[in-house]
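Asker: Going by this note's numbering, the first residue of the sequence shown is number 17, and it counts up by one from there. Think of the CB as a built atom: it goes at the ideal place given N, C-alpha and C, for glycine as much as any other residue.
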Amino acid sequence: AAIANALGWSSDMVELLRLAAPMHDVGKIGVPDQILLKTGTLTPEEFTIMQRHTLIGANILERSDIPLMHMAHDVALCHHERWDGTGYPHKQAGDAIPESARIVAIADVYDALLTDRVYRPAFSEPEAFTMMVASKGHFDPRIFTCMCDIHDDLRAIRRRVV
Numbered sequence: 017a018a019i020a021n022a023l024g025w026s027s028d029m030v031e032l033l034r035l036a037a038p039m040h041d042v043g044k045i046g047v048p049d050q051i052l053l054k055t056g057t058l059t060p061e062e063f064t065i066m067q068r069h070t071l072i073g074a075n076i077l078e079r080s081d082i083p084l085m086h087m088a089h090d091v092a093l094c095h096h097e098r099w100d101g102t103g104y105p106h107k108q109a110g111d112a113i114p115e116s117a118r119i120v121a122i123a124d125v126y127d128a129l130l131t132d133r134v135y136r137p138a139f140s141e142p143e144a145f146t147m148m149v150a151s152k153g154h155f156d157p158r159i160f161t162c163m164c165d166i167h168d169d170l171r172a173i174r175r176r177v178v
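1) Would G43 pass as a contact of I72 if the rule is Cβ separation under 9 Å?
2) Hey, could you find the ends of the alpha helix (DSSP H) I51 is sitting in?
3) Is the beta carbon of A109 less than 9 Å from the beta carbon of W99?
4) Confirm, please, whether the CB-CB distance from M85 to A123 is below 9 Å.
5) Going by the beta-carbon positions, is the gap between T59 and Y135 smaller than 9 Å?
6) Near W25, which residues of its chain fall below 8 Å by C-beta distance, leaving aside the five closest residues on each side in sequence?
7) Any contact of the segment 111 to 126 with the segment 150 to 158, i.e. 3+ C-beta pairs under 8 Å?
8) When the Cα atoms are used, what is the spatial distance from F145 to F160?
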């Protein structure tokens with residue numbers, strides 16, 4: 017929500033994103049635990065199954081006329097799409113990806129790098145930031161620049177909630 021706020025979104029839309037963003041991985045409910053909890057590298061077949069969480073989540077969230085659920089649907093479906101078109105599930109690129117999903121994509125990577133995973137320990141803040149800069153072509157450049165501009169604020173928010 018901090019990124020959306022910094023981008024000038026209305027307070028109502030920032031609040032929708034704050035509520036929708038945590039639903040981005042709801043589709044993982046349909047991914048077998050042996051894949052979700054695997055400590056090693058996923059095989060190509062396992063990765064294909066993991067990628068389906070975006071479609072499963074979108075399917076769960078699509079049957080509503082509530083604006084929050086519309087945004088949650090877009091975020092669940094598109095948070096692994098990449099600005100350069102190399103993401104999944106539909107290889108969307110640029111502005112074809114909903115802005116809400118472009119914001120969550122950056123926040124999700126930031127959080128994932130700073131969090132212990134079953135397959136690796138958390139990276140340090142400098143390591144994570146360096147990795148994101150190296151992969152910045154995956155992100156909307158305007159939103160990534162905004163994230164960099166408010167990086168100290170994001171760090172402070174993360175310290176409060178972790």
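Answerer: Reading it off the structure:
1) yes
2) D49 to L52
3) yes
4) no
5) no
6) L33
7) yes
8) 11 Å
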